[in-house]
Amino acid sequence: DDDTFSNVFCENSKQLINVHLFALAAKYYSLSNLGVCTPLEDILEALRGDNQGITGIKTDEFMNNKKSHEVQVMSELVDNIANYCGVKQVIDIGSGKGYLSSFLSMQYNLKVYGIDSSNTNTNGAHERNRKLKKHWRAYQSRARANVESQRLEKANDRPVQSEINCKAIDKKPLNKNSGLQRQDQVTIQDLAPSCGFTEIATSKTSTQTEVDLVAQTQSDERKLSEEVLAILNVLPADAVEVFSSPQCNCGELCEEEKAQRKMASLKAKASKSSESNLYFPLTSCITAETELSDIITDLEDCIMVGLHTCGDLAANTLRIFTAKPEIKAVCSVGCCYHLLSEQFENQEECPDEVWGFPMCQYLKDKGWCCGRNARMSACLALERVAVGQMLPTESLFYRAVLQVIIEEIYGVTKSDRHVGKTFSKSSSFVDYVRKSLRKLELDDSKV
1 DDDTFSNVFC
11 ENSKQLINVH
21 LFALAAKYYS
31 LSNLGVCTPL
41 EDILEALRGD
51 NQGITGIKTD
61 EFMNNKKSHE
71 VQVMSELVDN
81 IANYCGVKQV
91 IDIGSGKGYL
101 SSFLSMQYNL
111 KVYGIDSSNT
121 NTNGAHERNR
131 KLKKHWRAYQ
141 SRARANVESQ
151 RLEKANDRPV
161 QSEINCKAID
171 KKPLNKNSGL
181 QRQDQVTIQD
191 LAPSCGFTEI
201 ATSKTSTQTE
211 VDLVAQTQSD
221 ERKLSEEVLA
231 ILNVLPADAV
241 EVFSSPQCNC
251 GELCEEEKAQ
261 RKMASLKAKA
271 SKSSESNLYF
281 PLTSCITAET
291 ELSDIITDLE
301 DCIMVGLHTC
311 GDLAANTLRI
321 FTAKPEIKAV
331 CSVGCCYHLL
341 SEQFENQEEC
351 PDEVWGFPMC
361 QYLKDKGWCC
371 GRNARMSACL
381 ALERVAVGQM
391 LPTESLFYRA
401 VLQVIIEEIY
411 GVTKSDRHVG
421 KTFSKSSSFV
431 DYVRKSLRKL
441 ELDDSKV
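Counting along the sequence shown from 1, when you hit position 209 you're at 209 in UniProt numbering, and nothing is skipped either side.
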């Protein structure tokens with residue numbers, strides 16, 4: 001309980017006096033230990049129901065492994081949420097260069113508006129789409145090769161299983177008595193229910209095998225078509241020129257047939273033009289008061305997403321979600337917590353300001369403030385330490401000792417100035433301290 005951790009800090013000085021208890025308290029109050037988070041697998045299972053997810057296309061050519069993993073996991077979740085809510089429109093807040101947006105439109109055929117405050121990022125998103133268009137044939141070939149490989153593996157597995165079962169049948173002596181032989185026939189078929197063929201019912205089961213293979217091939221081709229169409233959907237209408245080889249001589253067609261074909265071609269082209277570009281990068285600064293209908297003219301029921309919504313953008317995304325009934329769901333992964341604005345961190349009164357933290361009334365009533373150190377610590381991923389990617393402990397240690405020196409020698413507990421990346425430019429700890437003090441405009445002759 002709370003009394004167990006009451007002796008972590010000194011009641012008078014408020015300084016840390018029991019590091020061991022502090023570590024235990026931090027572990028006890030972690031999200032994973034409190035059990036307040038639902039595992040991703042459970043969410044996907046609840047959203048899918050009996051439906052199974054589709055196999056995604058690898059995107060490691062256009063992003064690093066970390067980004068590729070994040071995009072694939074989140075896009076699958078977003079697609080399941082969209083299907084559950086019955087919507088096809090997605091608004092990607094803080095879309096950056098469009099990694100998530102383009103993948104959602106390409107892989108899941110969703111209509112995505114990617115909004116970013118940087119025009120440079122928006123231009124980068126357009127350029128990335130151009131590269132996707134350039135490499136679409138490679139994606140198509142790879143998807144076809146994967147499906148063909150899976151089909152061959154399944155087809156090759158059947159004769160092997162049949163051979164094993166038939167060998168077992170050969171070793172079993174058959175009685176010449178026709179009545180007993182019929183009994184043995186039933187036994188043999190029961191022994192190998194999944195066999196592609198048996199020595200006794202070759203004709204029937206061979207026909208069934210062909211039917212199964214045809215059905216499997218059609219299923220695989222349908223999956224391939226879905227993957228290829230998903231890729232094509234991200235491309236402009238004129239990205240691919242379709243060549244056709246007509247069965248008859250066009251000169252022999254009557255005028256009515258020519259007119260019908262021309263009309264069908266125009267309709268197909270118009271349909272393709274309206275559906276081919278499902279990702280629209282836009283430049284706009286999003287705040288809590290943003291009217292999405294002013295940015296997106298055809299705004300409809302949709303879901304709002306954000307991968308690495310920086311600082312206050314994560315909080316503003318939630319505020320927009322609660323204020324707009326057309327937004328049916330929100331899926332946001334925040335980042336850069338050190339940039340989050342705090343209402344009770346600043347001494348000056350700004351009652352009309354919209355702060356990033358706190359958002360709930362309970363913490364507002366408490367006047368709760370995390371502070372910059374806590375927000376900086378929240379940016380450090382313990383999972384990286386667990387897999388051997390150690391934190392920059394030396395630079396963090398330098399920074400911690402520097403703060404103690406500044407507080408105890410100079411009596412400074414708060415400053416608007418920042419040390420920045422002084423560690424990488426310093427030859428020693430003493431050099432680091434002196435450079436930092438000069439940045440903070442403090443007299444370095446005292447140390």
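In this text, a Cβ means the ideal position worked out from N, Cα and C, and glycines have one as well.
Exposed unless 16 or more other CB atoms sit within 10 angstroms - verdict on residue 387:
For the purposes of this step, residue 387 is taken as residue 387 along the sequence shown, with counting starting at 1. Classification for residue 387: exposed.
Since residue 8 and residue 301 should fall inside the 8 Å C-beta cutoff, what is the C-beta to C-beta distance between them, to a whole number of angstroms?
As a first step, residue 8 is located in the sequence shown; it is residue number 8 there, counting from the start. As a first step, residue 301 is located in the sequence shown; it is residue number 301 there, counting from the start. Not really, about 48 Å apart at Cβ, beyond 8 Å.
Looking only at C-alpha atoms, which of 278, 415 and 119 sits nearest to residue 90?
Stepping through the sequence shown from its first residue, residue 90 is reached at position 90. Of 278, 415 and 119, the residue nearest in Cα terms is 278.
Just list the alpha helix (DSSP H) runs in the region 286–366, keeping only unbroken ones of 4 residues or longer that don't cross its boundaries, in chain order.
292–295, 312–323 and 361–366
According to DSSP, what are the bridge partners of residue 89?
Mapped onto the sequence shown, residue 89 falls at position 89. Paired residues: 111 and 302.
Under the three-state reduction of DSSP, which class applies to residue 410: helix, strand or coil?
Looking up residue 410 in the sequence shown gives position 410. Looking at residue 410 - three-state DSSP - the assignment turns out to be helix.
Can you tell me whether residue 75 is buried or exposed? The criterion is at least 16 other CB atoms within 10 Å of its CB, across all chains shown.
Looking up residue 75 in the sequence shown gives position 75. By the 10 Å Cβ count, residue 75 comes out buried.
Quick one: Cα of residue 49 to Cα of residue 377, how far?
Taking the sequence shown and counting its residues from 1, one reaches residue 49 at position 49. Taking the sequence shown and counting its residues from 1, one reaches residue 377 at position 377. So the two alpha carbons sit approximately 38 Å from each other.
Is the CB of residue 305 under 7 Å away from at least one CB in chain D?
The question asks about chain D, but that chain is absent: this structure has only one protein chain.
According to DSSP, is residue 487 part of a helix, a strand, or is it coil?
This structure does not reach residue 487, given that the chain is present from 1 up to 447, and the question cannot be answered.
Measuring CB to CB, does residue 332 end up less than 7 Å from residue 309?
One-based indexing of the sequence shown puts residue 332 at position 332. One-based indexing of the sequence shown puts residue 309 at position 309. Yes, they are a contact pair.
With the cut-off set at 7 Å, would you say residue 114 and residue 92 are in Cβ contact?
One-based indexing of the sequence shown puts residue 114 at position 114. One-based indexing of the sequence shown puts residue 92 at position 92. Yes; because the gap between Cβ atoms is below 7 Å, this pair is in contact.
Flag this pair as yes or no: are the beta carbons of residue 379 and residue 418 separated by less than 7 Å?
Position 379 of the sequence shown, counted from the start, is the residue given in the question as residue 379. Position 418 of the sequence shown, counted from the start, is the residue given in the question as residue 418. Contact: no.
Please report how far the alpha carbon of residue 104 lies from the alpha carbon of residue 318, in whole angstroms.
Locating residue 104 in the sequence shown gives position 104, where the first residue counts as 1. Locating residue 318 in the sequence shown gives position 318, where the first residue counts as 1. Each residue's alpha carbon lies about 21 Å from the other.
Are residue 327 and residue 359 touching if we call contact CB-CB under 7 Å?
The residue you call residue 327 lines up with position 327 of the sequence shown. The residue you call residue 359 lines up with position 359 of the sequence shown. Result no, Cβ atoms of residue 327 and residue 359 do not sit closer than 7 Å.
Pick out whichever of 433, 315, 400 and 116 has its Cα sitting closest to the Cα of residue 288.
Counting from one through the sequence shown, the residue named residue 288 turns up at place 288. Of 433, 315, 400 and 116, the residue nearest in Cα terms is 315.
Going by beta carbon distance, what residues of the same chain come within less than 8 Å of residue 435, once the five residues before and after it are set aside?
Numbered from its first residue, the sequence shown carries residue 435 at position 435. Answer for residue 435: 422, 425 and 426, listed in chain order.
Between residue 71 and residue 99, is the Cβ-Cβ spacing less than 7 Å?
Here residue 71 refers to the residue found at position 71 when the sequence shown is read from its first residue. Here residue 99 refers to the residue found at position 99 when the sequence shown is read from its first residue. In this structure, residue 99 lies closer than 7 Å to residue 71 by Cβ.
Report yes if the CB atom of residue 122 is closer than 7 Å to the CB atom of residue 297, and no otherwise.
By one-based count along the sequence shown, residue 122 stands at place 122. By one-based count along the sequence shown, residue 297 stands at place 297. Cβ distance not < 7 Å, so residue 122 and residue 297 don't count as in contact.
How would you label residue 534, buried or exposed, when you count the other beta carbons within 10 angstroms and need 16 or more for buried?
Residue 534 lies beyond the stretch modelled for the chain, which goes from 1 to 447, so this question has no answer here.
First through last residue of the alpha helix (DSSP H) which encompasses residue 280
Position 280 of the sequence shown, counted from the start, is the residue given in the question as residue 280. First-last for residue 280: 279–283, but that is the beta strand (DSSP E), not the alpha helix (DSSP H).
Would you mind reading off the limits of the alpha helix (DSSP H) that contains residue 376?
Here residue 376 corresponds to residue number 376 of the sequence shown, with the count starting at 1. Residue 376 -> alpha helix (DSSP H) spans 372–378.
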